[in-house]
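Residues 14 to 307 in this note's numbering are what the sequence shown spells out, letter by letter.
Every residue, glycine too, gets a C-beta built ideally from N, C-alpha and C.
This structure is a prediction, so every number in the text was calculated from the model and none was measured.
Inspection log for the structure reproduced underneath, given as structure tokens.
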Amino acid sequence: MSGVARAGILAGCVAVGVLAGDGARAGERADAVWHPKDPRVGDVAWLHVRNLPEAARVEGSVGGSPLTFFPYAGGHAALVGIDLETEPGARPWGVAVLEGDREPRTARGTVRFAPRRFPVERLTLPRAMVDLDSDTERRALAEAQRLTAVFRTVTVERLWRGRFTRPVGGTVPATGFGARRIINGAPRSPHSGIDYSVPLGTPVVAANTGRVALVAEFFFPGRLVVLDHGLGLYTLYFHLDSVAVSEGERVERGQTLGSVGASGRATGPHLHFGSQVGTARVDPAALLGLALGD
Ligand SMILES: [Zn+2]
């Protein structure tokens with residue numbers, strides 16, 4: 014492969030793309046690899062562009078959405094959040110590597126977002142918690158918009174390191190991600206996090222290092238903490254009884270954020286734990302299993 018004319022040529026297959034424009038340097042040939050190979054709806058996936066100097070600049074997109082790359086393991090990586098209501102199917106992706114005055118190198122391909130079956134949950138709640146008066150409806154809408162504004166803010170620094178940890182101790186399994194909810198007989202928005210049924214007052218800890226992006230008391234989530242882990246990655250802790258941190262504060266993995274409660278719309282004490290990559294609502298269990306060491 015030689016010359017500028019080849020740069021930008023399709024070089025990808027489904028899960029791996031060799032970067033075109035790599036010239037004769039076969040020994041350090043860069044490529045782009047998806048983790049996992051077949052990401053599912055609701056996953057936190059990542060794209061690894063390998064064999065690149067840290068100083069290289071990497072740009073890219075998946076399905077038209079831009080990616081934010083960070084130096085990682087002899088290359089660069091970017092998180093890809095696949096929202097729980099994403100249509101399964103193929104998406105085009107592409108990356109470009111810009112390095113000083115070297116000719117840009119590119120790779121492209123398609124990645125298939127695999128479908129996932131979500132459970133259907135039927136709940137009965139007091140009517141006052143479901144059929145909102147117009148003031149409450151306005152309030153809930155404004156609060157949702159405030160959360161979205163937080164998630165649209167991308168901190169360019171990567172704050173998390175190593176594995177993500179459970180936000181509550183013990184081994185109680187978390188349930189309910191993506192559940193299609195039918196409340197008092199009417200379909201409502203799907204459940205965007207996982208719930209830990211643990212006693213009132215159980216300490217809630219930070220899943221990883223980050224900065225406290227929001228402390229608030231909202232209608233549905235109740236008392237809440239949102240952590241910014243950098244690069245568009247956020248974790249959410251809802252229905253808290255008490256909060257032990259304040260906005261802007263830096264927190265370490267395992268640091269106490271507050272305690273489990275039943276504030277907001279909750280049928281009893283539990284922790285609702287959510288995660289976002291930008292505005293994509295992703296499975297916190299996928300985040301806890303994220304194999305993106307240091
Ligand atoms: Zn929940």
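Return yes when at least one heavy atom of ligand 1 lies under 7 angstroms from the C-beta of residue i, else no.
{"i": "Asp296", "result": "no"}
{"i": "His204", "result": "yes"}
{"i": "Asp254", "result": "no"}
{"i": "Gly235", "result": "no"}
{"i": "Asp144", "result": "no"}
{"i": "His285", "result": "yes"}
{"i": "Gly189", "result": "yes"}
{"i": "Asp208", "result": "yes"}
Report the residue from the options whose alpha carbon sits nearest the alpha carbon of residue i.
{"i": "Ile196", "options": "Pro117, Leu136, Glu112, Val228", "result": "Leu136"}
{"i": "Asp144", "options": "Gln158, Glu262, Pro200", "result": "Pro200"}
{"i": "Asp87", "options": "Glu156, Val62, Ala279", "result": "The residue asked about is misnamed: residue 87 is Gly in this sequence, not Asp. Of Glu156, Val62, Ala279, the residue nearest in Cα terms is Val62."}
{"i": "Gly235", "options": "Tyr250, Ser78, Thr178", "result": "Tyr250"}
{"i": "Asp114", "options": "Thr178, Arg70, Phe83, Arg263", "result": "Arg70"}
{"i": "Arg165", "options": "Val75, Arg152, Pro79", "result": "Pro79"}
{"i": "Pro49", "options": "Ser202, Gly94, Pro84, Val256", "result": "Gly94"}
{"i": "Glu100", "options": "Ala229, Pro52, Leu160", "result": "Pro52"}
Who are the near neighbours of residue i in its chain, counting only those whose CB is closer than 6 angstroms to its CB and skipping five residues on each side?
{"i": "Arg294", "result": "Asp96, Leu97, Ser205"}
{"i": "Met14", "result": "Note on Met14: pLDDT 36, under 50, position unreliable in the model; no value is reported."}
{"i": "Trp173", "result": "Asn221, Thr222, His242"}
{"i": "Asp296", "result": "Gly55, Phe190"}
Ignore the nearest five residues each way along the sequence and tell me which others in residue i's own chain have a CB closer than 8 angstroms to its CB.
{"i": "Val167", "result": "Thr81, Leu244, Gly245, Gly291"}
{"i": "Ala298", "result": "Ala187, Phe190, Ile207"}
{"i": "Pro203", "result": "Leu97, Glu98, Phe131, Gly191, Ala192, Arg193, Arg194"}
{"i": "Asp307", "result": "Arg174, Gly175"}
Do residue j and residue i count as a contact pair if the criterion is CB distance below 8 angstroms?
{"i": "Ser272", "j": "Gly182", "result": "no"}
{"i": "Val54", "j": "Pro105", "result": "no"}
{"i": "Glu112", "j": "Pro66", "result": "yes"}
{"i": "Thr119", "j": "Ala103", "result": "no"}
{"i": "Ala91", "j": "Gly77", "result": "no"}
{"i": "Gly30", "j": "Arg121", "result": "yes"}
{"i": "Val258", "j": "Val163", "result": "no"}
{"i": "Val225", "j": "Glu265", "result": "no"}
{"i": "Val211", "j": "Leu284", "result": "yes"}
Can you name, in chain order, every residue of its own chain whose Cβ lies under 7 angstroms from the Cβ of residue i, other than the five neighbours on each side?
{"i": "Glu156", "result": "Phe231, Phe232"}
{"i": "Val177", "result": "The residue asked about is misnamed: residue 177 is Phe in this sequence, not Val. Closer than 7 angstroms at the Cβ level, and outside the excluded window around Phe177, lie Ala220, Asn221, Leu300, Leu301, Leu303."}
Since residue i contacts residue j with CB under 8 angstroms, what's their CB separation in whole angstroms?
{"i": "Leu32", "j": "Ala43", "result": "4 angstroms"}
{"i": "Gln268", "j": "Val218", "result": "6 angstroms"}
{"i": "Leu300", "j": "Val57", "result": "5 angstroms"}
{"i": "Arg278", "j": "Met142", "result": "5 angstroms"}
{"i": "Phe131", "j": "Arg193", "result": "6 angstroms"}
When the cut-off is 8 angstroms and only beta carbons count, does residue i lie next to chain C?
{"i": "Gly189", "result": "Absence of chain C from the displayed structure is noted, only one protein chain being present."}
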